[in-house]
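These notes are about the structure you will find just below.
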């Protein structure tokens, strides 16, 4: 063998060994690094994550809203009292309009009671539907 052939064989085997050494060191380095699949889950959870503090805040807001909606029931009671109080005053002033005043009083009672029931329904919806 000539010296040139021997040099090329030794240099090619040296390059082969050098590339094996580099690839083994790279494997050692890359084995220690976290891979993308270990950092990012393959199927991410898409559910809402709530904490207990957030749940408590939501519950408090629900109860405050239901209480505020219940205040309307007191307004309906005041409205009904005003309607029948006005019926008594109107009847005392003009007893001949008894039937007409009574029909107006029943209409006012129905409207006031409907608003009170609407407020109560909203309170129950806030408590039990949301």
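Residue numbers (full-length UniProt numbering): 1 to 130.
All residues carry an ideal CB built from backbone N, CA and C; glycine is no exception.
Local Cβ density within 10 Å of residue i, reported as buried at 16 or more and exposed below that
| i | result |
| --- | --- |
| residue 126 | buried |
| residue 68 | exposed |
| residue 101 | buried |
| residue 76 | buried |
| residue 61 | exposed |
| residue 123 | buried |
| residue 3 | In this prediction, residue 3 has a pLDDT of 49, which is less than 50 and means its spatial position is unreliable; nothing more can be read from the coordinates. |
| residue 105 | buried |
DSSP state of residue i mapped onto helix, strand, coil
| i | result |
| --- | --- |
| residue 60 | helix |
| residue 130 | coil |
| residue 4 | With a pLDDT of 45 at residue 4, under the threshold of 50, the modelled position of that residue is not reliable, and the figure given next carries that caveat. Note: residue 4 maps to helix in three-state DSSP. |
| residue 51 | coil |
| residue 9 | With a pLDDT of only 48 at residue 9, under the threshold of 50, the placement of this residue in the model should not be trusted; the figure read from the coordinates follows. Helix. |
Contact with chain D by residue i, beta-carbon distance below 8 angstroms
| i | result |
| --- | --- |
| residue 127 | Going by chain labels, chain D is absent from the structure shown, which holds only one protein chain. |
Item to check | Whole alpha helix (DSSP H) elements within the UniProt domain "V-ATPase proteolipid subunit C-like" (64-126), 4-residue minimum | outcome: If we require 4 residues or more, the UniProt domain "V-ATPase proteolipid subunit C-like" (64-126) turns out to have no alpha helix (DSSP H) run fully inside it.
Checklist entry - Is the stretch 93-103 in contact with the stretch 113-126, if contact means three or more CB pairs nearer than 8 angstroms? => result no
Checklist entry - Are three or more beta carbon pairs between the stretch 71-91 and the stretch 104-116 nearer than 8 angstroms? => result Output reads yes: the stretch 104-116 touches the stretch 71-91.
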